[in-house]
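As they're listed, the protein sequences go chains A and B.
For the first sequence, the UniProt record's numbering gives the first residue as 1, with consecutive numbering after it.
For the second sequence, the UniProt record's numbering gives the first residue as 1, with consecutive numbering after it.
Glycine is no exception: its CB is placed at the ideal position from the N, C-alpha and C atoms.
Accompanying notes for the structure given below.
There are 2 protein chains.
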Amino acid sequence: MDDIITLDYGSGGIKTSDFIDNLLVPAFDNTPLNKLADGAVLDGAERLVFSTDSFVVSPWKFPGGNIGRLCVCGTVNDIAMAGGIPKYLSLSFILEEGFKMWDLKEIIASIADEAKKAQVMIVTGDTKVVEHGKGDGIYINTSGIGILKNPRLGKEYIRPGDGVIVSGSVGCHGASVMMARSGLLDGDGPLRSDCRILTDLAVAAQDAGNVRILRDPTRGGIATVLNEFVEDSPLTVELNETAIPVDATVASACDLLGLDPLYCACEGRMLAVVAPEDVPSVLDALHRLSGGEKAACIGTITQKRPGQVILNTSLGGRRLLGKLSGHQLPRIC
Amino acid sequence: MDDIITLDYGSGGIKTSDFIDNLLVPAFDNTPLNKLADGAVLDGAERLVFSTDSFVVSPWKFPGGNIGRLCVCGTVNDIAMAGGIPKYLSLSFILEEGFKMWDLKEIIASIADEAKKAQVMIVTGDTKVVEHGKGDGIYINTSGIGILKNPRLGKEYIRPGDGVIVSGSVGCHGASVMMARSGLLDGDGPLRSDCRILTDLAVAAQDAGNVRILRDPTRGGIATVLNEFVEDSPLTVELNETAIPVDATVASACDLLGLDPLYCACEGRMLAVVAPEDVPSVLDALHRLSGGEKAACIGTITQKRPGQVILNTSLGGRRLLGKLSGHQLPRIC
Numbered sequence: 001m002d003d004i005i006t007l008d009y010g011s012g013g014i015k016t017s018d019f020i021d022n023l024l025v026p027a028f029d030n031t032p033l034n035k036l037a038d039g040a041v042l043d044g045a046e047r048l049v050f051s052t053d054s055f056v057v058s059p060w061k062f063p064g065g066n067i068g069r070l071c072v073c074g075t076v077n078d079i080a081m082a083g084g085i086p087k088y089l090s091l092s093f094i095l096e097e098g099f100k101m102w103d104l105k106e107i108i109a110s111i112a113d114e115a116k117k118a119q120v121m122i123v124t125g126d127t128k129v130v131e132h133g134k135g136d137g138i139y140i141n142t143s144g145i146g147i148l149k150n151p152r153l154g155k156e157y158i159r160p161g162d163g164v165i166v167s168g169s170v171g172c173h174g175a176s177v178m179m180a181r182s183g184l185l186d187g188d189g190p191l192r193s194d195c196r197i198l199t200d201l202a203v204a205a206q207d208a209g210n211v212r213i214l215r216d217p218t219r220g221g222i223a224t225v226l227n228e229f230v231e232d233s234p235l236t237v238e239l240n241e242t243a244i245p246v247d248a249t250v251a252s253a254c255d256l257l258g259l260d261p262l263y264c265a266c267e268g269r270m271l272a273v274v275a276p277e278d279v280p281s282v283l284d285a286l287h288r289l290s291g292g293e294k295a296a297c298i299g300t301i302t303q304k305r306p307g308q309v310i311l312n313t314s315l316g317g318r319r320l321l322g323k324l325s326g327h328q329l330p331r332i333c
Numbered sequence: 001m002d003d004i005i006t007l008d009y010g011s012g013g014i015k016t017s018d019f020i021d022n023l024l025v026p027a028f029d030n031t032p033l034n035k036l037a038d039g040a041v042l043d044g045a046e047r048l049v050f051s052t053d054s055f056v057v058s059p060w061k062f063p064g065g066n067i068g069r070l071c072v073c074g075t076v077n078d079i080a081m082a083g084g085i086p087k088y089l090s091l092s093f094i095l096e097e098g099f100k101m102w103d104l105k106e107i108i109a110s111i112a113d114e115a116k117k118a119q120v121m122i123v124t125g126d127t128k129v130v131e132h133g134k135g136d137g138i139y140i141n142t143s144g145i146g147i148l149k150n151p152r153l154g155k156e157y158i159r160p161g162d163g164v165i166v167s168g169s170v171g172c173h174g175a176s177v178m179m180a181r182s183g184l185l186d187g188d189g190p191l192r193s194d195c196r197i198l199t200d201l202a203v204a205a206q207d208a209g210n211v212r213i214l215r216d217p218t219r220g221g222i223a224t225v226l227n228e229f230v231e232d233s234p235l236t237v238e239l240n241e242t243a244i245p246v247d248a249t250v251a252s253a254c255d256l257l258g259l260d261p262l263y264c265a266c267e268g269r270m271l272a273v274v275a276p277e278d279v280p281s282v283l284d285a286l287h288r289l290s291g292g293e294k295a296a297c298i299g300t301i302t303q304k305r306p307g308q309v310i311l312n313t314s315l316g317g318r319r320l321l322g323k324l325s326g327h328q329l330p331r332i333c
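Following this line, the structure appears as structure tokens:
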């Protein structure tokens, strides 16, 4: 571990994992935490899913969304991916002195709108203000509670032969935010964040077949999340590059910015590992829903290289995809 | 409402109330939120208390505690004050690039230590890093879930004749942090934050008598919280200045800094309104516990001036105590 915090520790990649594994897990050691899912499953009269996320996206407004939409989608999706039905959110602002009330109203309206779509209630909150120069406009934390519906999700359920499904084209959120930050994007073009609620897609997939694990590939993109599925296991993710949906606008933006769409954050896409016989029915269910039209099976679970992710490229070659190292995309969410 | 956010909006006083009442409640309107308690009560198979707080205290270390201890106490206490037994916490960091790993380890150790004392598990988390100059070292959000044990707490239960109890001397946290910030305090003196878990005191008070409402007087101090107990009601809080425990060190610090201890934050004190006949038994129960030794009945509920808080001063005069206006103590928690 380094002596000081660098941006890499917030990247969602290798340094973030190091920080969690070496500092946080030993300090707070307990069963729900140690699973290191995006949401913790809590035992009780009713089993609950509990999740938290702080949002520091820069700029706070980007094509296809803003920090308000994002802070609802992010936490709601973490609960849905853990097999829960999201019910309640908390909302906590850290505002910088001088932030425009008009902008705050726009953000609050987006939060209310997205919470309604997600069918969650915002039931408690907090507001802090820091001096000018000690923040960056607005940071938001949302934490959420859902009712666990499917306790049989997790990487321990993944088997050789399973299919890997993504619910839509990848990298739109990361590419949009980075283009907006660079000033290269005016917001009227076709490149937009994929930011959206995933509860309906998650429920449909689980109803349609035997789903082993669900995740929204945010920081670190699909490459990093797929690595997390198989690390420390005898399994391999084999991806077919030609099957991975990447919008032409995202591909162009990534070329321009020197990014790889497979490492770019999505905020409205779902990765699902599905039993082989159920891949067609899950794809069919997703294709019927808004936001799932481009769902595709992008790979298979094998045992060729234990713990690794292999990309079979469009040119017939093979490439190992590691976890994100360094901060390809700081402050993307 | 102003056109820009000022520090006043984070003070816990009048502007904070305006912001909540005019912007947040209309946007997110729902029954658990509209009660505006520090924790929301959620219906379900088991009734839950859900609370959130972001911590931006400056400096992050102060005599008697640090942001790590504070972020556990703050959220745990909000749940205890709502009649719940705290069970689970989430933990989310917003770190500034360049923050020292050594300091972060100290904070994490304090969090682990305080969580153990509070008998809560930290079950989920998140870490974001912002560029140097876009934060102030470390901000932390904790959200928490507890099991509701006492659904009969709230200002609607307050009656004329009830006693007002405080569990210990007031203003220690606010005075300590402000002295530390001013550089006037070296940490070896007797002035220390009162930062502590209140679950045991809250449970003891509720077991010992008919408690109408509980609150920890953080931002805005006891004066602001007591105003919230009676505003928009026909009731009055009448306080006896001589009965309010104020440590000599806090009184001196407040004199020096131009602060009023009644508006200074506590982070380990509890205000309880108690049925008249149960005041002695509740005081007796608190006196037996660590942190409750100086518990005192500091006033009575009357109907003299509807919706207001009156201080009967040590000199025989009377003073109206309004809610905190402006930011007496920015970034105190």
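Counting every other CB atom within 10 Å of its CB across the protein chains shown gives K323/B a total of 16 or more, marking it as buried. Under a 10 Å Cβ-count criterion, W60/A is classified as buried, with 16 or more other Cβ atoms of the shown protein chains found around its own Cβ. In the structure shown, F28/A adopts helical secondary structure according to DSSP, grouped into three states. In this structure, G154/B and I213/B form a Cβ contact; the two beta carbons are roughly 6 Å apart against a cut-off of 8 Å. Going by beta carbons, D78/B and S51/B fall inside the 8 Å limit. Cβ proximity to chain B below 8 Å picks out I111, A112, A115, M121, I122, V123, T124 from the segment 110-124 of chain A. DSSP, reduced to helix, strand and coil, places D78/B within a helical segment of the structure shown.
Counted as a single uninterrupted DSSP element, the alpha helix (DSSP H) harbouring P280/B occupies residues 279-287. Spanning the alpha carbons of A208/A and D278/A requires a straight line of approximately 7 Å.
The beta carbon of I158/A is closer than 8 Å to those of R212, I213, F229, V230, S233, L235, V273, I301 in its chain, skipping five residues each way along the sequence. If you draw a straight line from the Cα of G39/A to the Cα of K149/A, it is about 13 Å long. Taking the Cα positions, E97/B is about 42 Å away from H287/A. Following the DSSP letters along the chain, one finds M1/A in no alpha helix (DSSP H), marked with neither H nor E.
Annotation for T313/B: E241, R319 place their beta carbon closer than 8 Å to its own, counting only its chain and skipping 5 residues before and after. Checking the DSSP bridge columns, you'll see S143/B partnered with T52/B, S90/B. In this structure, DSSP gives N312/A an extended state, which the three-state scheme calls strand. C-alpha of P26/A to C-alpha of I67/B: approximately 20 Å in a straight line.
Under the Cβ criterion (8 Å, minimum of three pairs), the segment 167-186 of chain B counts as touching the segment 244-251 of chain B. Looking at A275/A, C333/A, D284/A, K15/A, the one whose alpha-carbon comes closest to that of G163/A is A275/A. Three or more Cβ pairs closer than 8 Å define a contact, and the segment 193-205 of chain B falls short of that threshold against the segment 127-142 of chain B.
In chain order, I5, Y9, G10 make up the part of chain B whose C-beta sits under 8 Å from the C-beta of L95/A. G316/A and G299/A have their C-alpha atoms some 15 Å from each other.
Ranked by how close their Cα comes to the Cα of A295/A, the residues V49/A, G268/A, K134/A have G268/A in first place.
When C-beta atoms of the segment 103-120 of chain A are compared with those of the segment 102-119 of chain B, fewer than three pairs fall below 8 Å, so the two segments do not count as touching.
Considering only beta carbons, the part of the segment 49-76 of chain A lying closer than 7 Å to chain B consists of F50, S51, T52, D53, S54, V56, in chain order. In chain order, V170, G171, V246, V250, C254 place their CB closer than 6 Å to the CB of P261/A, counting only its own chain and leaving out the 5 sequence neighbours on each side. Around M81/A, no beta-carbon contact reaches into chain B at under 8 Å, the shortest distance being about 13 Å. Within the UniProt domain "PurM-like C-terminal" (159-310) of chain A, the complete alpha helix (DSSP H) segments at least 4 residues long are 172-182, 199-208, 221-230, 248-257, 279-287, listed from N- to C-terminus.
Here L95/A is bridged, per DSSP, to V129/A, I138/A.
Note: R319/A is bridge-paired with L311/A in the DSSP secondary-structure output. Taking a C-beta distance under 8 Å as the contact criterion, T199/B and G74/B do not qualify as a contact pair. Comparing C-alpha distances from P151/B to each of G83/B, A243/B, P190/B shows the shortest one belongs to G83/B. Nearest in C-alpha terms to V225/A, of all of K134/A, G307/A, M1/A, is G307/A.
Buried is the label assigned to D53/B, since at least 16 other Cβ atoms lie within 10 Å of its Cβ.
Neighbourhood of L42/A in chain B, by CB distance below 8 Å: K87, Y88, V123, I145, in chain order. Put simply, the CB of N30/A is near chain B, with a gap under 8 Å to one of its CB atoms.
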